[in-house]
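Residue numbers (my numbering): 243 to 503.
Structure below.
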């Protein structure tokens with residue numbers, strides 16, 4: 243996993259414009275759709291079981307975000323994962339609030355177990371809870387450091403044969419091949435709702451073109467977050483500047499600013 247991998251993945255997304263199917267929460271649909279458009283992908287917020295078989299036959303990836311979970315969404319998510327498996331498509335799981343309630347924890351584990359080509363993207367507390375340990379969270383917010391979740395992420399990689407992205411002050415990408423740290427981003431980013439959800443959606447775009455580790459999305463959003471924060475007075479303008487920075491993002495910017503360890 244290196245800078246060239248990220249550059250090639252970005253080029254592929256912009257050339258192929260993959261369709262990313264999102265079963266995501268009501269809070270972030272607009273944010274994540276706009277972020278996917280800005281990076282060059284094609285988003286669709288598809289929640290109907292009736293169209294999912296057809297949709298997953300030609301989409302590039304499926305993103306499952308459990309943020310506004312209920313007994314209507316859960317069977318839809320399970321069916322969507324089944325269709326993704328049948329079509330050999332990657333599934334990105336964002337286990338929002340995993341550990342905050344039994345429903346969220348059990349649903350997250352069911353989806354992780356069901357998906358054949360899985361990428362998990364969550365904050366430290368969610369990753370720890372998904373692995374069966376006791377994390378510290380307050381609703382959907384993490385109270386654990388990303389470093390504290392590395393062992394849990396390694397467990398998930400082995401248990402589900404997946405890749406794991408831990409979001410935090412330092413982002414970690416954990417795969418069978420090892421671990422990468424990303425030290426970009428900005429302290430203002432957690433003050434915008436759905437920033438992690440945006441990362442999950444972008445992870446789906448890159449997975450659709452074959453970058454299934456989560457590295458490219460995490461690296462690019464971290465750098466873009468820094469750039470947007472430098473131009474912003476607060477979280478409101480950060481949201482707008484983030485989309486502009488995603489749209490304008492290029493290879494030169496990545497090489498100059500990426501902090502990959």
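Quick reminder that beta carbons are idealized off the backbone N, C-alpha and C, glycines included. Source: prediction; values computed, not measured.
* Terminal residues of the beta strand (DSSP E) in which residue 239 lies -> This structure cannot settle anything about residue 239, because the visible part of the chain is limited to 243 through 503.
* Express the C-alpha separation of residue 391 and residue 276 in angstroms, rounding to a whole number. => 30 Å
* **Bridge-paired residues (DSSP) for residue 222** => The first residue shown for the chain is 243 and the last is 503, placing residue 222 beyond what the model contains.
* Whole alpha helix (DSSP H) elements within the stretch 334-365, 4-residue minimum -> 344-356
* Asked: With which residues is residue 286 paired in a DSSP beta bridge?
  -> 263
* To do: Rounded to whole angstroms, what's the CA-CA distance from residue 479 to residue 457? Just pull it up for me.
  => 26 Å
* Asked: Taking the C-alpha atoms as reference points, what is the distance between residue 490 and residue 471?
  -> 15 Å
* **6 Å CB neighbourhood of residue 473 in its chain, flanking five on each side removed** => 483
* To do: Compute the distance between the beta-carbons of residue 264 and residue 443, then report whether it is under 8 Å.
  => yes
* To do: Helix, strand or coil for residue 308, going by three-state DSSP, please let me know.
  => coil
* **6 Å CB neighbourhood of residue 485 in its chain, flanking five on each side removed** => 276 and 280
* In three-state terms, what does DSSP make of residue 486? -> helix
* To do: Quick one: grab the DSSP three-state call for residue 501.
  => coil
* Residue from 424, 455, 447 and 267 whose Cα sits closest to the Cα of residue 496 -> 424
* **Straight-line Cα distance separating residue 361 from residue 332** => 7 Å
* Where do the N-terminal and C-terminal ends of the beta strand (DSSP E) with residue 416 fall, by residue? -> 413-417
* **residue 383, buried or exposed, once every other Cβ within 10 Å from all chains shown has been counted against 16** => Low local confidence applies: a pLDDT of 49 at residue 383 is under 50, so the model's placement there is unreliable, and no value is given.
* Using alpha carbons as the reference points, say which of 399, 481, 476 and 302 lies closest to residue 436. => 481
* Smallest Cα separation from residue 493: which of 475, 477, 461 and 476? -> 461
* Taking residue 325 as part of the alpha helix (DSSP H), name the residues at either end of that continuous run. => 315-328
* Just curious, the beta strand (DSSP E) that residue 209 is in, first and last residue? -> No answer is possible for residue 209: it lies beyond the span of the chain, which begins at 243 and ends at 503.
* Asked: Counting pairs of Cβ atoms below 8 Å between the stretch 253-263 and the stretch 407-421, do you hit three or more?
  -> no
* According to DSSP, what are the bridge partners of residue 303? -> 262
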